[in-house]
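Residue numbers (the UniProt record's numbering), protein chains in the order written: chain B, 1 to 456; chain R, 1 to 456.
In structure tokens form, the structure reads like this:
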């Protein structure tokens, strides 16, 4: 059946059997090169263990930029570019974040972490009674009870979704919009259930966005076991107060850079294929899956194509984007410059969904591009990505679509484990599997090769 | 495209659109029941943490049988059966296994573990010069140099295979046949490179099979980093001796049991669908993936079908097989009794490839059965298994095919992480992801439902 599909697709798109055979062989060479000689895992170890957390504006951001620049040079770029971009510089402001629960005279410490971009409580504790809010509908129902209170959003990460990014899409608004929507009704602080279905109690950060119409109030995420406990106490109508202390604040914008390796096209040097991930991570973790994986896979694709002596027809850009986590300034700058230079971009691919075993690509394009990429699945599928779905490509490349109409492609590894560790201290090097990381690079390289060879 | 395939398949097999719709809805119910109410993960915790390692004949084997019996009752079996079977009773014989390397006057301890079923060195150390053997061809070339020596098989687990079970199939003969093939030429001991591509140094055991033509000699597996180190020393022509001590021996066969839950068929009570895994594990690990996952998924399928009030047309047997690891006596007994009773078995399904994210089923059957199962992929694929391949079903159900010609089906989760932990102390509860385990049960339950509804 696989073979039949293959023949059908090839007849449709006019690939000869000889061409298919050559493609099969070249992709097998890509896989061998990666699975035998890959440097992705060792590079990831350096990025996560030597440099570590690297939020925009932090000293580690600069170290990561230098590391990426040198590695793109060493991995065979014809040239390496820097695109300067001003990035936000939020700092957690100390490790003494704390939230304590008071029930009568009893006191219990909760495992919390301040939300990214959130404001601190100042030097003193913020203490207030807590209101349990299970969803935004309930917020509206209880809007008259929120003044002077701390809102606890206990919205459940919905385990019924098979693709866990859908559960995240469903829940993340409580983190991004929750604080301002509570402040609108006079709340003075927010505790939000972590966007996760993990079995542990580790809290997950992530960016919040204050609506300038309302007061900025402190906000923390709480671990899942503590969230369950707190909800149970509140459902018992226990009189619960929370005391919280956070220290977050913004410093002046900092000067960051997109770091870009380039392989010059032999036939269409002015037509670009972009492949990338983001170099920054949240400050509370090693950012191994998010997005050290995407960064090291991107560099591995470059290393592999060079190691095989591949000379691309189009110019391929290997982009380590600045500042995805709390600003997307890197992605915006990349698209802005591409537009200003009137560049033609035929496809942009991002890996920012973890370093897990490959399963699919998502495509945001017209039908013709979708069907053409789909016709290549019989070639790529044996290495993991045997499915093509419609969907966004990635946060960093989205501005290319907005600015230039570029088709986007997202690399989609298996999503079951991702939200166990996303934006949490558990996103460590040890949570990445060497072969899974490498197979991601194989699938990405295969797609880049086919796009470059056949166009879109 | 998915929808088109779906319609095409349904027309071919005569399923009405209404039937497809009902099937989609029922499988969605299965998924909801498992993802919201699953007990598989908690059951796995009990099996691995409370009972632990459970090799055939061990006290833990009996505890696991009792646990399984009670759980099959509690999960809704119409009745629970025991099939008595005599099982081999190999014991490691002490935790003081050791292998030291001597180079000149230097001494280094290697991380080793005796192979299952292997003979011990007796109370004294076995010390001899070492010969590096990279493969069986080299063994034949060097056959005159092996008398009185210890053979070190350093055959590499081939990372070029995308499906890692192929690498295992390629390498495992050095563990199963290596000792006797070395003994044939007078070797007195064997050290074998672990069948793994893990990044750690943990040794992996597994069964060896002595050929009764030759002397039984002690044999250990060595961790990968130590294997690399040892090979490098030997390639430098360093004069290397190994001293090893192991204590393995067989006790008299023990009385074990297959533990079987049954749901009686309403229309065809004398036609059976078997689903199962194996209850035993190697003695050096919790056996969480191998095969606690298969056991708890099998029981979860039962619990789920009962929770949904499903009344099967055929009799479904949920089988916890005894003694897969070093004897397959449980699987043999099950097929022997089925044959003696002239039972009709329409399909046997096994989960014994780990508790990782679902990807495929393998089928060992004629073309008609294969194509019929394939026609159901559009219904099951959204939950993970979107591929059907030809291949064996599982060690425990293989005798059913041999004895009765029963079509076999193997549940194939993603294989990239499996040989990191297979037969090693790292096969722990913590290495299993809750959702991945549960999704396996969803896919297995969906297949059981479709086989029961439509037959094969």
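Even for Gly, the Cβ is constructed at its ideal location relative to N, Cα and C. Just so it is clear, the structure is predicted and the values come from calculations on it, not from any experiment.
**Asked** Buried or exposed: residue 263 (chain R), going by 16 or more other Cβ atoms within 10 Å of its Cβ?
**Response** buried
**Residue environment, residue 444 (chain R), which counts as buried when at least 16 other CB atoms sit within 10 Å** = buried
**Request:** Compare the C-alpha of residue 278 (chain B) against each of B:319, B:304, B:308, B:248 and name the closest.
**Result:** B:319
**Message:** Just to confirm my understanding: we take residue 172 (chain B), look at its own chain, exclude 5 residues before and 5 after, and list those with CB closer than 8 Å. What are they?
**Reply:** 195, 206
**Prompt:** Would residue 39 (chain R) be called buried (16 or more neighbouring beta carbons within 10 Å of its own) or exposed?
**Reply:** Result: buried.
**Prompt:** Using CA coordinates, which residue listed in B:80, B:157, B:103, B:385 is at the minimum distance from residue 234 (chain B)?
**Reply:** B:103
**Message:** Which complete alpha helix (DSSP H) runs does the segment 121-178 of chain B hold, if anything under 4 residues is left out?
**Reply:** Taken in chain order, the complete alpha helix (DSSP H) segments of 4 residues or longer contained in the segment 121-178 of chain B are 136-141, 164-171, 173-176.
**Request:** For residue 296 (chain R), decide whether its Cβ has a neighbour in chain B, counting only Cβ atoms nearer than 8 Å.
**Result:** When Cβ-Cβ separations below 8 Å define contact, residue 296 (chain R) makes no contact with chain B.
**Prompt:** Looking at the C-beta of residue 441 (chain B), does it have a partner C-beta in chain R at a distance below 8 Å?
**Reply:** no
**Message:** Just to confirm the assignment, what range does the alpha helix (DSSP H) spanning residue 103 (chain R) have?
**Reply:** No alpha helix (DSSP H) contains residue 103 (chain R), which is instead part of the beta strand (DSSP E) from 98-103.
**Message:** Rounding to the nearest angstrom, what Cα-Cα distance links residue 30 (chain B) and residue 442 (chain B) in this structure?
**Reply:** 6 Å
**Message:** If the criterion is Cβ atoms closer than 8 Å, does the pair residue 53 (chain B) and residue 283 (chain B) meet it?
**Reply:** yes
**Message:** Could you compute how far the alpha carbon of residue 10 (chain R) sits from the alpha carbon of residue 51 (chain R)?
**Reply:** Its pLDDT being 41, under 50, residue 10 (chain R) is placed unreliably in this model, and the coordinates cannot settle the point.
**Item:** Nearest-angstrom Cα separation, counted from residue 374 (chain B) out to residue 7 (chain B)
**Value:** Confidence is the limiting factor: at residue 7 (chain B) the pLDDT is only 39, short of 50, which leaves the residue's position unreliable and the question unanswerable from this model.
**Request:** Alpha carbon to alpha carbon, how far is residue 405 (chain R) from residue 337 (chain R)? Give it in angstroms, no decimals.
**Result:** 14 Å
**Asked** Can you check whether the CB of residue 128 (chain B) is closer than 8 Å to the CB of residue 149 (chain B)?
**Response** yes
**Asked** At a CB-CB cut-off below 9 Å, which residues of chain B make contact with residue 209 (chain R)?
**Response** Ordered by position in chain B, no residue passes the 9 Å Cβ test against residue 209 (chain R), which lies about 29 Å from the chain.
**Asked** Between the segment 362-374 of chain R and the segment 307-318 of chain R, do three or more beta carbon pairs fall short of 8 Å?
**Response** no
**Request:** Identify the contact partners of residue 313 (chain R) in chain B, using a Cβ-Cβ distance below 7 Å as the criterion.
**Result:** Simply none; closest approach about 27 Å.
**Message:** Once DSSP output is grouped into helix, strand and coil, what is the label at residue 435 (chain B)?
**Reply:** helix
**Local conformation of residue 229 (chain R) per DSSP, three classes** = helix
**Request:** Measuring alpha carbon to alpha carbon, tell me which of B:399, B:434, B:305, B:299 ends up nearest residue 80 (chain B).
**Result:** B:299
**Asked** Using the C-alpha atoms, what's the distance from residue 109 (chain R) back to residue 403 (chain R)?
**Response** 47 Å
**Prompt:** Using a Cβ-Cβ distance under 8 Å, would residue 134 (chain R) count as near chain B?
**Reply:** no
**Prompt:** What do you get for residue 25 (chain B), buried or exposed, if any count of 16 or more other CB atoms within 10 angstroms of its CB means buried?
**Reply:** exposed
**Message:** Between residue 82 (chain B) and chain R, is the shortest Cβ-Cβ distance under 8 Å, so that the two count as touching?
**Reply:** Not a single CB atom of chain R sits nearer than 8 Å to the CB of residue 82 (chain B).
**Asked** Hey, would you say residue 396 (chain B) sits closer than 8 Å to residue 276 (chain B), going by beta carbons?
**Response** Yes.
**Request:** Please list the partners that residue 199 (chain R) has in chain B, where partner means a Cβ-to-Cβ separation under 8 Å.
**Result:** 41, 434
**Asked** Relative to chain B, which residues along the segment 156-171 of chain R have a C-beta separation below 7 Å, given in chain order?
**Response** 159, 160, 162
**Message:** Does the CB of residue 458 (chain R) have a neighbour CB from chain B at under 8 Å?
**Reply:** Look at the range of chain R in this structure, 1 to 456, and you will see that residue 458 (chain R) is not part of it.
**Asked** Hey, does residue 452 (chain B) have any beta-carbon neighbour from chain R nearer than 8 Å?
**Response** Interface flag for residue 452 (chain B) against chain R is unset, since no Cβ pair is found closer than 8 Å.
**Request:** From the DSSP output, in three-state form, read off residue 186 (chain R) for me.
**Result:** coil
**Asked** Hey, out of R:420, R:379, R:362, whose CA is closest to residue 27 (chain R)'s CA?
**Response** The shortest Cα separation from residue 27 (chain R) among R:420, R:379, R:362 belongs to R:379.
**Asked** Alpha carbon to alpha carbon, how far is residue 4 (chain B) from residue 41 (chain B)?
**Response** With a pLDDT of 39 at residue 4 (chain B), under the threshold of 50, the modelled position of that residue is not reliable, and the figure given next carries that caveat. Computed Cα separation, rounded: 36 Å.
**Asked** In the DSSP assignment, what are the bridge partners of residue 234 (chain B)?
**Response** DSSP output for residue 234 (chain B) lists no bridge partner at all.
**Asked** How long is the line joining the alpha carbons of residue 19 (chain R) and residue 455 (chain B), rounded to whole angstroms?
**Response** 42 Å
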